[in-house]
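S.K.:
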Amino acid sequence: MRVNQTYAAGALGNDRPLTIVTEYWYSEVLKINLLTKRTDPRYGVQTVRVTELVRQEPDAALFAIPDEYKLVKETVQDAQSHGSGALEGGATNLAGSSGSPMTGIARAGVGGVTSPLCIYCPAPSYSENARAAKVTGTVVLSLVVTADGLAEKAQIVKGHGYGLEEKAIEAVRNWRFRPATGPDGKPVACIVMVEVAFKLG
Numbered sequence: 520m521r522v523n524q525t526y527a528a529g530a531l532g533n534d535r536p537l538t539i540v541t542e543y544w545y546s547e548v549l550k551i552n553l554l555t556k557r558t559d560p561r562y563g564v565q566t567v568r569v570t571e572l573v574r575q576e577p578d579a580a581l582f583a584i585p586d587e588y589k590l591v592k593e594t595v596q597d598a599q600s601h602g603s604g605a606l607e608g609g610a611t612n613l614a615g616s617s618g619s620p621m622t623g624i625a626r627a628g629v630g631g632v633t634s635p636l637c638i639y640c641p642a643p644s645y646s647e648n649a650r651a652a653k654v655t656g657t658v659v660l661s662l663v664v665t666a667d668g669l670a671e672k673a674q675i676v677k678g679h680g681y682g683l684e685e686k687a688i689e690a691v692r693n694w695r696f697r698p699a700t701g702p703d704g705k706p707v708a709c710i711v712m713v714e715v716a717f718k719l720g
């Protein structure tokens with residue numbers, strides 16, 4: 520490909536009209552310019568040529584999926600396959616049989632581990648923006664129920680905006696659970712997904 524660029528006198532400090540010619544030799548196979556030749560009356564001919572191509576695989580870290588995304592995908596799949604169970608306080612346990620690949624956190628329904636059960640689930644408060652917009656619906660969170668029955672490490676899986684996600688996380692921090700138990704009957708930490716319902720009264 521050949522490109523001619525003409526500049527009026529004085530445009531580039533030149534005292535007369537100037538034409539710069541650039542030629543490209545493009546490879547359809549490699550999808551690059553193998554040779555670029557630039558002819559400028561002021562400086563002569565300048566050539567850039569590709570003399571060596573090195574194939575380098577991209578770093579595998581560029582394609583790695585963060586652990587939290589692996590976790591959400593796994594718990595959602597478990598919820599769809601195992602169904603849901605009702606919780607008190609207007610919330611729904613979406614993944615009573617879900618678990619986590621994280622060390623030290625049990626998988627409910629596997630190896631004799633039971634599902635945690637919410638025994639104190641006060642309804643969330645509304646954000647001012649959501650109330651003004653009259654937004655209703657549910658926010659889905661994944662969280663860890665500790666062996667003491669506390670909710671920790673809440674993460675948003677699905678929401679509606681308007682500040683409802685923050686209000687849902689704020690609410691579940693006050694929830695209390697009957698913790699999951701292991702095959703020996705002792706309480707263990709377990710990860711679950713819950714729905715927090717928002718309704719305008």
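Heads up, the sequence shown is in the numbering used here, so the first residue is 520 and it goes up one at a time. Note that the Cβ used here is the ideal one computed from N, Cα and C, for glycine as well. Small disclaimer: the values here were computed from a predicted structure and weren't measured.
(1) Alpha carbon to alpha carbon, how far is E714 from E587? Give it in angstroms, no decimals.
(2) Within 10 angstroms of its Cβ, does A527 collect 16 or more other Cβ (buried), or is it exposed?
(3) Any idea which residues DSSP pairs A716 with across the strands?
(4) Tell me the DSSP secondary structure of I638 in three-state form.
(5) Measure the C-alpha to C-alpha separation of A530 and P536 and round it to an integer number of angstroms.
(6) From this set, Q565, K550, L549, P698, which residue's C-alpha is nearest Y639's C-alpha?
(7) Taking all protein chains shown into account, decide if W694 is buried (16 or more other Cβ within 10 angstroms of its Cβ) or exposed.
(8) So, at 7 Å on beta carbons, what are the nonlocal neighbours of Q648 in its own chain, with the 5 sequence-adjacent residues on each side left out?
(9) Classify K686 as helix, strand or coil using the three-state DSSP reduction.
(10) Using the three-state DSSP reduction, which class does V632 fall into: helix, strand or coil?
(11) Determine the DSSP secondary structure at E571, reduced to helix, strand or coil.
(12) Mapping DSSP to helix, strand and coil, what is N648?
(13) Would DSSP call V691 helix, strand or coil?
(14) Of all the options L669, Y562, T555, C709, which has the alpha carbon lying nearest to the alpha carbon of M520?
(15) Can you tell me the Cβ-Cβ gap for V567 and I551, rounded? I've got them flagged as a contact below 8 Å.
M.R.: Taking the structure as given:
(1) Only weak support is given to the placement of E587: the predicted model assigns it a pLDDT of 45, under 50, and the question is left unresolved by the model.
(2) exposed
(3) T657
(4) strand
(5) 9 Å
(6) Closest option to Y639, Cα to Cα, is P698.
(7) buried
(8) The amino acid occupying residue 648 in the given sequence is Asn; Gln does not appear at that position. Only Y681, G682 meet the Cβ criterion.
(9) helix
(10) coil
(11) coil
(12) Helix, per DSSP.
(13) In the structure shown, V691 sits in a helix (DSSP, three-state: H, G or I).
(14) T555
(15) With a Cβ gap of about 11 Å, V567 and I551 do not count as contacting.
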